[in-house]
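Residue numbers for the sequence shown follow the working numbering, so the first one is 1471 and each next one is one higher.
For glycine and all other residues, C-beta sits at the position ideal for the given N, C-alpha and C.
Since the structure comes first, as structure tokens, the remarks are kept for the end.
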Amino acid sequence: MSAERTRHRICSVDELEPGERILKTVSDREIGVFNVDGKFHAVANYCVHAGGPICEGRLSGMVTAEAGEWEWDWAREGEILACPWHGWEFDIDSGEFLADDQYRLITYETEIEDGTLYVVLGGA
Ligand code: FES
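What follows is the structure, encoded as structure tokens:
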């Protein structure tokens, strides 16, 4: 059974510049909304490891390397969210924990209408 789909205003799109984030309480849930290069991501402020405030963590990139090679690269700058408590790192788009995809942050759909940014709850 799916929950009712509800849309909640976060802010004007102009108020959240690329690289910025905002924390809002929506229906008793604390949600962080991030602008990563013009794409908006909404994440519950609850780390699946031990409940830390994931949305207050560092947003950075990740090291990549090919198996068997000694060369590495820096990729996905601004797309990897690290928890401030124990450093678990998550893909901000999917919510997936980088080291084990069985762990995933709660993420929400975002919508823009008439210059206003919304988070959508329920409807799954
Ligand atoms: S609570 Fe987030 S890494 Fe431990």
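Query, Result
"Throw me the rounded Cβ distance for the residue 1586 and residue 1483 pair, which I believe falls under 8 Å.", "7 Å"
"Taking residue 1551 and residue 1527 to be in contact with their CB atoms under 8 Å, please state how far apart those CB atoms are, rounded to whole angstroms.", "5 Å"
"Determine the DSSP secondary structure at residue 1487, reduced to helix, strand or coil.", "coil"
"Just to check, is the beta-carbon of residue 1517 closer than 7 Å to a non-hydrogen atom of the ligand FES?", "yes"
"Tell me where the beta strand (DSSP E) around residue 1505 begins and ends.", "1499-1506"
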